[in-house]
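Residue numbers (the working numbering), protein chains in the order written: chain C, 1 to 284; chain B, 285 to 568; chain A, 569 to 852; chain H, 853 to 1136.
Down below is the structure, laid out as structure tokens.
4 protein chains.
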Amino acid sequence: MSNGRNGPPQGQERRAQPRAASGRWQTAITSVEPNRILVRGFPLDEMVGRLSFAEAAYLLLMGELPTAAIGKMFNAILVSSIDHGVTPPSTLAARTVATSGAPLKDCVAAGVLAFGPHHGGDIETCMRFLDAGLSLVRNGHALQQAAEQLAEDAVRAREIPPGFGHRIHARDPRAGRLLQMALELEVEGEHVRLMRALEQALQARERQFGRPLAINADGAIAAISADLGFAYELGNAVFLISRLPGLIAHAHEERTTEAPMRLITPSEHDYHGAPERRLPETRK
Amino acid sequence: MSNGRNGPPQGQERRAQPRAASGRWQTAITSVEPNRILVRGFPLDEMVGRLSFAEAAYLLLMGELPTAAIGKMFNAILVSSIDHGVTPPSTLAARTVATSGAPLKDCVAAGVLAFGPHHGGDIETCMRFLDAGLSLVRNGHALQQAAEQLAEDAVRAREIPPGFGHRIHARDPRAGRLLQMALELEVEGEHVRLMRALEQALQARERQFGRPLAINADGAIAAISADLGFAYELGNAVFLISRLPGLIAHAHEERTTEAPMRLITPSEHDYHGAPERRLPETRK
Amino acid sequence: MSNGRNGPPQGQERRAQPRAASGRWQTAITSVEPNRILVRGFPLDEMVGRLSFAEAAYLLLMGELPTAAIGKMFNAILVSSIDHGVTPPSTLAARTVATSGAPLKDCVAAGVLAFGPHHGGDIETCMRFLDAGLSLVRNGHALQQAAEQLAEDAVRAREIPPGFGHRIHARDPRAGRLLQMALELEVEGEHVRLMRALEQALQARERQFGRPLAINADGAIAAISADLGFAYELGNAVFLISRLPGLIAHAHEERTTEAPMRLITPSEHDYHGAPERRLPETRK
Amino acid sequence: MSNGRNGPPQGQERRAQPRAASGRWQTAITSVEPNRILVRGFPLDEMVGRLSFAEAAYLLLMGELPTAAIGKMFNAILVSSIDHGVTPPSTLAARTVATSGAPLKDCVAAGVLAFGPHHGGDIETCMRFLDAGLSLVRNGHALQQAAEQLAEDAVRAREIPPGFGHRIHARDPRAGRLLQMALELEVEGEHVRLMRALEQALQARERQFGRPLAINADGAIAAISADLGFAYELGNAVFLISRLPGLIAHAHEERTTEAPMRLITPSEHDYHGAPERRLPETRK
């Protein structure tokens, strides 16, 4: 596909090849000349103040400006995963590196490395899973049938499908809000619809799984990103952009408020920040 | 200072200490309970769709919501450094790691590691430099006097002050736009004013430096971030958030369009992307 | 298998699970008490001066002391890949990060990230490939038959098997030496024997591949490491230990002898070091 | 100095400069031609089987073969820090990244990033500290006088000098063994002698510090490495090479024996490995 989904499938290893003789090569991202920077063709200084960062990031990744609706949706996606407290491996990795006195960027890089298959990587896995499911639909199944079959397969394999269930949240508050926005902004497509159908099929089988299996934030981001046409690996990249401020905030807090070389006990922390508060009316 | 600027000064190495006995510890960033996530006190699902990603990032880093003007300014800062083509070390590091077939996040982490003193780190250096200059002002010098003295020191040391001059841009188009916005949005303060005064003082000495020394993007971001009250190391963090989509776009382009294990010759590339185009009127 | 080869197969992604409640957990590597450090049960201070670093590394990774022969073999394996000049992606990544003024460890970390599927990762791929081939033997094929079949499969798939051929060396001088030592030290087993048989089978088909396909250093390390009983992922780890001094030497050379922020053109370098020389007789 | 100690002093930030026009550049490390690899001038295949890995690493870093005594010493140094259990930040960072299912090399890279000022970085700090002390000697003080003054300064600053004291070991078993070997192998020089003199001076002031201040492993490595002529930043590099097998062993143990996404409580672990045992007589 033109959107880069034809990248290397998970884990496949292409053979090493002779080093290509270095020659002229091409990029389609940014053109830099003295006093003139064009990002995907748009003058960067003209973008400054006119595009939100999320819209500019979308332009950079997808090559075209988002519509107003997609711009809103992408801002929402990026906000939805901006932080999730101290217990994710990426946050603990960043804080652990910070205890050694390492500079902030080293803490952030270590956090980025902790976005493994079980953490963030689920988005790409879920996007691939949904496309596999949709191939059933293209082969003539109704969406509902496809969802039932995927749910049956999951029960048989005793494996929770990617994008469902959460270790803490029975109903992930981020997922509901994102899917509601996708509906209101009319950006949802077949991936979101399959995700919703699968959620119903799984909940009808909740007893077999022994736990609630609502769509989680990763699942909502995966389905919406797929409907927006993101390449698989860019699905994970979206999560990476989203979580970066969280990694930075935690590494900075660790570096500025904790003793160096402390042993971090993940579960023995207390929240002592601002009490619950609401956004001002002007924000609603 | 309360904003964390009292972090370890550049390069100072605090002595190793006995590992703190692990005990309960505190965080002020995010509270996570089943079905309820509060970021700096605000329900995350309420933030989704109501705050731009840049505003949410500001909240996470600074602890409070930005005003509408600061939200606009912070979006603009993040957009201004979102990409600068293939030649920055961070971009080349990300692309070089990509040639080995490494996953996207590894390319991004390597890129983050290349934000060294000469690349991105300039923002923190410039923030410290401006605070040192402002201490002259607090000791009774006029802003203009302080700027003249800093310029004289630079000439004597034959050292270009941080935040001035660019290897490619005689007039960095990003800097002018950012400073104009800081003025229009009325968020500029003494750091920006000192930066402007210093630019004049340096340009009066252009002959001694043998090259134009206009404020560059790092300098504009540093001065504005300092006026917004960012801690020094968060100045670099702002650049890190800003550039992440660029690192991702380049690593993804390398992974999906180039042969693995190629030798990358930085200067032998051509831009073959979208031709120059303008933002639609609706964006102005 | 007990040696950890039953780790996650390449690219397989296990589903995320609820975070394990933190409780007491166990390690079998090193016991640390005041004034007493036991590595795999041996007092560390007793190991110092009595084991070579390679022998100590083997003990750490495998849990038991190597025999004298295996100790010699493992030293040889680690020496064989200690450096390969400036063009490998890991070396270029380390040097590129160094141009930004980043500290040495950041350069090394970026280099480590460039050990992707095409670079270093080949060792694990080759170990898995050989075990697949040996399963044919266990199913009754003669070693030679198995080799012929693997060669035929490779011709049909137009894919060079892992561990064969090199972008620069028609006959990789490291591979021959390592395999000769494995023979002399009597540590070679079925993996090495299959590798040799496959080399013959491939060379009989050299015309179909259009290039010589001798065993390369990765292939020799993979076959010998498999015969020594290393887990797949530790095969890559062996390469990682081996190449670390090379990454450090290049990052240090870049940091101390080159101008910061230079653009590195991989192929435009010259060697200006010590002229060819021989080891003193006492070393033979 | 010729040994590269004239690298950038800690934390100094050189100004960014225009990107050097890429042209031919030089390396003195390794020459690679078809079927012929020369490391510092020696044929790599000739080194294989004739040099221990530690000797080959010394050659790579220092440019010359070590004497037999220095080869023994360097092997000993590398063995001395090969692992220190689960609590160092580098080990915890590697294990934390492993919980996400990230590949081994990502765990190792994160571990390398945790070699910050408080962990490993102490070696470079101690080397610089000793050279500063020796400048007193060159200015006419006796070694003992210099040590007394450094001890007095430390008491006054209430700061433990780098390379002394350990959070766990009152007498670090690694340090004693290393210094004993340096004496027996006659490789000790003024840095080691100053370190010993300072240890006496500090112990005479133990009451002021309220804790024993014996030389620790970092201090012994720093003093011996300095006497061997290592550049400051290579002092840390030595630690990095030494600890790599430890990082790998812990990441591998985490990946193969623990549930993914577990929360690691550093202090709640038990050692369940091999019971204490002695090296065979043949090793003594």
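Backbone N, C-alpha and C define an ideal beta-carbon position, used for all residues, glycine too.
Is it true that the CB of residue j sits closer than 8 Å to the CB of residue i?
| i | j | result |
| --- | --- | --- |
| Asp122 of chain C | Asp218 of chain C | yes |
| Ala968 of chain H | Ala110 of chain C | Here residue 968 of chain H is Gly; the residue named in the question, Ala, does not match the sequence. For Gly968 of chain H and Ala110 of chain C, no; Cβs fall outside 8 Å. |
| Leu420 of chain B | Gln428 of chain B | no |
| Arg283 of chain C | Leu335 of chain B | yes |
| Pro1132 of chain H | Ile934 of chain H | no |
| Leu628 of chain A | Val647 of chain A | no |
| Met127 of chain C | Ala222 of chain C | yes |
| Gln715 of chain A | Ala765 of chain A | It is Ala, not Gln, that sits at residue 715 of chain A in the sequence shown. It is a contact, given that the beta carbons lie within the stated cut-off. |
| Pro1025 of chain H | Arg604 of chain A | yes |
| Ala666 of chain A | Cys675 of chain A | yes |
| Arg745 of chain A | Gly901 of chain H | yes |
| Met1113 of chain H | His118 of chain C | yes |
| Ala54 of chain C | Phe523 of chain B | no |
| Arg205 of chain C | Ala170 of chain C | no |
| Leu698 of chain A | Leu762 of chain A | yes |
| Ile508 of chain B | Ala466 of chain B | yes |
| Leu818 of chain H | Arg1095 of chain H | With chain H covering only 853 through 1136, there is no way to say anything about residue 818 of chain H. |
Is residue i helix, strand or coil by DSSP?
| i | result |
| --- | --- |
| Thr566 of chain B | helix |
| Ile123 of chain C | helix |
| Glu844 of chain A | coil |
| Thr257 of chain C | helix |
| Asp437 of chain B | helix |
| Ser315 of chain B | strand |
| Phe798 of chain A | coil |
| His1102 of chain H | helix |
| Pro457 of chain B | helix |
| Leu770 of chain A | helix |
| Phe967 of chain H | coil |
| His425 of chain B | coil |
| Asp554 of chain B | strand |
| Arg320 of chain B | strand |
| Ile645 of chain A | helix |
| Ile505 of chain B | helix |
| Ile1093 of chain H | helix |
| Gln1039 of chain H | As written in the sequence, residue 1039 of chain H is Val, which differs from the Gln given in the question. Coil, per DSSP. |
| Val654 of chain A | coil |
| Leu349 of chain B | coil |
| Leu547 of chain B | coil |
| Leu51 of chain C | strand |
Please report the Cβ distance between residue i and residue j, rounded to the nearest whole angstrom; I am assuming they are in contact, meaning their Cβ atoms lie under 8 Å.
| i | j | result |
| --- | --- | --- |
| Met593 of chain A | Glu1120 of chain H | This sequence places Trp at residue 593 of chain A; Met is not what is there. Sure, about 7 Å apart at Cβ, within 8 Å. |
| Thr948 of chain H | Thr30 of chain C | The pair is not a contact, with the Cβ atoms about 35 Å apart (cut-off 8 Å). |
| Ala459 of chain B | Asn500 of chain B | 6 Å |
| Thr265 of chain C | Thr1117 of chain H | 5 Å |
| Leu747 of chain A | Ala788 of chain A | 5 Å |
Flag this pair as touching only if the region 648-663 of chain A and the region 812-831 of chain A have three or more C-beta atom pairs under 8 Å; answer yes or no. Counting Cβ pairs under 8 Å, three or more are found: they touch.
| message | To be precise: take each residue of the region 370-392 of chain B, compare its Cβ to all Cβ atoms of chain H, and keep it if any distance is under 7 Å. Which residues remain? | response | Result list: Thr371, Asp390.
- Query: Going along the chain, which residues of the region 457-480 of chain B sit with their C-beta nearer than 8 Å to a C-beta in chain C?
  - Reply: Taking 8 Å as the Cβ-Cβ cut-off against chain C, the residues of the region 457-480 of chain B that qualify are Pro457, Arg458, Gly460, Arg461, Leu462, Met465.
Going along the chain, which residues of the region 966-998 of chain H sit with their C-beta nearer than 9 Å to a C-beta in chain C? For the region 966-998 of chain H, which is checked against every Cβ of chain C, the residues closer than 9 Å are Ala966, Phe967, Gly968, Pro969, His970, His971, Gly972, Gly973.
- Item | Short-range partners of chain C found in the region 331-349 of chain B, where Cβ spacing is below 8 Å | In summary, the residues of the region 331-349 of chain B whose CB is separated from some CB of chain C by less than 8 Å are Met331, Val332, Gly333, Arg334, Leu335, Ser336, Phe337, Ala338, Ala340, Ala341, Leu344, Leu345, Gly347, Leu349, in the order they occur in the chain.
- [ ] May I ask you to list, following chain order, the residues of the region 818-840 of chain A that have a beta carbon less than 9 Å from some beta carbon of chain B?
- [x] For the region 818-840 of chain A, which is checked against every Cβ of chain B, the residues closer than 9 Å are Pro828, Met829, Leu831, Ile832, Thr833, Pro834, Ser835, Glu836.
> According to a CB-to-CB cut-off of less than 8 Å, which residues of the region 1066-1094 of chain H neighbour chain A?
Replying inline: Within the region 1066-1094 of chain H, the qualifying residues are Ala1083, Glu1085, Leu1086, Asn1088, Ala1089, Leu1092, Ile1093, Ser1094.
Touching or not, the region 56-68 of chain C and the region 145-165 of chain C, by the rule of three or more beta carbon pairs under 8 Å? Flag = no, the region 56-68 of chain C and the region 145-165 of chain C do not touch.
Meets three-Cβ-pair contact criterion under 8 Å: the region 772-783 of chain A and the region 922-931 of chain H: Because the criterion of three Cβ pairs below 8 Å is not met, the region 772-783 of chain A and the region 922-931 of chain H do not touch.
### Task
Please confirm if the region 750-767 of chain A is in contact with the region 598-614 of chain A, defined as three or more CB-CB distances below 8 Å between the two stretches.
With the cut-off at 8 Å, the region 750-767 of chain A and the region 598-614 of chain A do not touch.
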